[in-house]
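Structure record follows, encoded as structure tokens.
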Amino acid sequence: MKVVVSIGGSVLVPEPGAHRVAEHAAVVENLVADGCRVGAVVGGGGVAREYIGAARELGANEIELDQLGIDVTRLNARLLIAALGEESITAPALDYEEAGEALRQGNVSVMGGVAPAQTTDAVGAALAEYVDADLLVYATSVSGVYSDDPNEDDAATKYDELSAADLVDVIAGLEMNAGASAPVDLLAAKIIQRSGMRTIVLDGTDPDRISRAVRYGDHEGTDVIPDGVGEEPTYWAEHENE
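The structure is reproduced here in structure tokens:
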């Protein structure tokens, strides 16, 4: 099974320290030991936002701010690589070809951002499409895709299942609301729709949730099921009842 896991920076490194990074690395290593090929994409999180805020006050333009954010995502990616040790490449992949080659060679591939004006949400979706992954998992700080920002609206409804087209519509609605927080961005949703990539959006603050989702399809997040792929996948790393 080939899986791409997109880990939010605030999920991987909620605060300076090694503990959460080591837990995520252990999940990746265990999946590899089970025979999975794993590509990880790491976001910038709160550290990136702090740097970007400071640079904006200093007069940096938006492309410069994007580049600064990319630099932070690659620092976070290096933390994950350090925790993985010899099981991964020695530096973050800088483009999809480099990441794909690492996977073809049987290594864990780790990426941060790639280009200005593109979030790591979109990088994760594009990498999954590029390597023909079986599954894309977004490990976020919320428990799935909601009708509105659950941090702002107690009445927000969580979707257990969405088509890829419905995901695009939901995310487009969220992004039009000023200040609303979407678990994945609109470009990522459109790539998922285009590629027909089966996707799971879940709360990754407990890394074991990622493991269970990949191994058994067992999670409490949102399943994104593109048209034509069928209701039940047949490629889970393991079957829980075996």
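Residues are numbered in the numbering used here as their position in the sequence shown, beginning at 1, plus a constant of 24.
All residues carry an ideal CB built from backbone N, CA and C; glycine is no exception.
Note that this is a predicted model, so its numbers are computed, not measured.
One alpha carbon belongs to A64, the other to A42, and they sit about 17 Å apart.
For S30, the enclosing beta strand (DSSP E) stretches over residues K26 to I31. The C-beta separation of I249 from E185 comes to about 6 Å, placing the pair in contact by the 8 Å criterion. The alpha helix (DSSP H) runs lying completely inside the region 79-111 and spanning 4 residues or more are 86-108, given in chain order. Here the C-alpha atom of A149 lies approximately 16 Å from the C-alpha atom of R61. DSSP places I224 inside the beta strand (DSSP E), whose first and last residues are T223 to D227. With a 10 Å radius around the Cβ and a threshold of 16 neighbouring Cβ atoms, D158 comes out buried. Pairing T223 with L160, the inter-Cα distance amounts to about 5 Å. If only uninterrupted alpha helix (DSSP H) runs of at least 4 residues are considered, those enclosed by the region 141-181 are 144-154. Taking 8 Å as the upper bound for CB-CB distance, V66 and G136 are in contact here, some 5 Å apart.
Judged by DSSP in its simplified three-state form, L118 adopts coil rather than helix or strand. Below 8 Å, too few C-beta pairs join the region 187-195 and the region 109-126 to call them touching: fewer than three.
For P231, the closest C-alpha among the options A188, T164 and P140 is that of T164. When Cβ pairs closer than 8 Å are counted between the two stretches, the region 203-218 is seen not to touch the region 232-244, the count staying below three.
Taking the Cα positions, V27 is about 8 Å away from V238. By the C-beta density criterion, A189 is exposed, having fewer than 16 other C-beta atoms within 10 angstroms. Contact between the region 78-95 and the region 42-61 is not established, with fewer than three Cβ pairs separated by less than 8 Å. V138 and D119 do touch by the CB rule: their CB atoms are close to 6 Å apart, below 8 Å. Nearest neighbour of T97 by Cα position, chosen from A152, D227, L36 and S219, turns out to be L36.
For D172, the closest of L108, A152, L198 and N131 by C-alpha to C-alpha distance is L198. Rounded to whole angstroms, the separation of the alpha carbons of Q142 and N54 is 30 Å.
The residue from Y75, G69, E153 and L92 with its alpha-carbon nearest to that of G220 is E153. Residue pairing of G63 in beta bridges, as defined by DSSP: V28 and S133. When beta bridges are read from the DSSP output, Y183 appears opposite V169.
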